[in-house]
């Protein structure tokens, strides 16, 4: 292949993305009237929308030619793709249907603690004290809920202290989440439909 033409698999990838977005839209439409049973369901909905809208942005912004000068556009789109990968990892972690209510609560509260601590730091940096204080209060609420959660209580004390800092959103590493999800039938079965 000449060095002035990008790999033809780019067109195939764009086509696959278009098909995936149509499947996502179909799924979203079919589930639109479902009532959330747990706070985690609302969060999953928001993450799903983030994945879909970012995918749509990639599709719309991707160059229509395969010239080597388009490589800069594709490099920029790689940043958006990373955003999708991180969101998908969060989605897979939170969407495990085999979790008990106590496990879902633990996952949700840890995720929410991480979010509150992150937002608090941003608002403090920007000098928005009232918003930073709101996030600090939210973080304390999440810590209290976690400390009373039976799943969280069985973790080693060292791990509990670490997680209560709010630095991590997950009890598992990204690699562990991916490995577990590869085996999950709920995702395998849906990906093979239509």
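Numbering (the working numbering), first residue to last: 4 to 197. A virtual CB, placed ideally from N, CA and C, is assigned to each residue, including glycine.
Contact between residue 91 and residue 62 does not hold, since their C-beta atoms are separated by about 16 Å, which reaches or exceeds 8 Å. In chain order, 62 place their CB closer than 8 Å to the CB of residue 21, counting only its own chain and leaving out the 5 sequence neighbours on each side.
With contacts defined as CB atoms closer than 8 Å, residue 46 and residue 97 qualify as a contacting pair. Exclusion of the five residues before and after residue 180 leaves 92, 95, 96 and 173 as the residues of its chain whose Cβ lies within less than 7 Å of its Cβ. Taking a 10 Å sphere around the C-beta of residue 43, we find 16 or more other C-beta atoms and assign the residue as buried. Where residue 34 is concerned, there is no enclosing alpha helix (DSSP H), because DSSP gives it neither an H nor an E. Straight across, the Cα-Cα distance linking residue 157 with residue 128 is about 35 Å. Scanning the stretch 119–162 from its first residue to its last, no whole beta strand (DSSP E) run of 3-plus residues comes out.
Here the stretch 111–119 makes contact with the stretch 136–148; the two share three or more CB pairs at distances below 8 Å.
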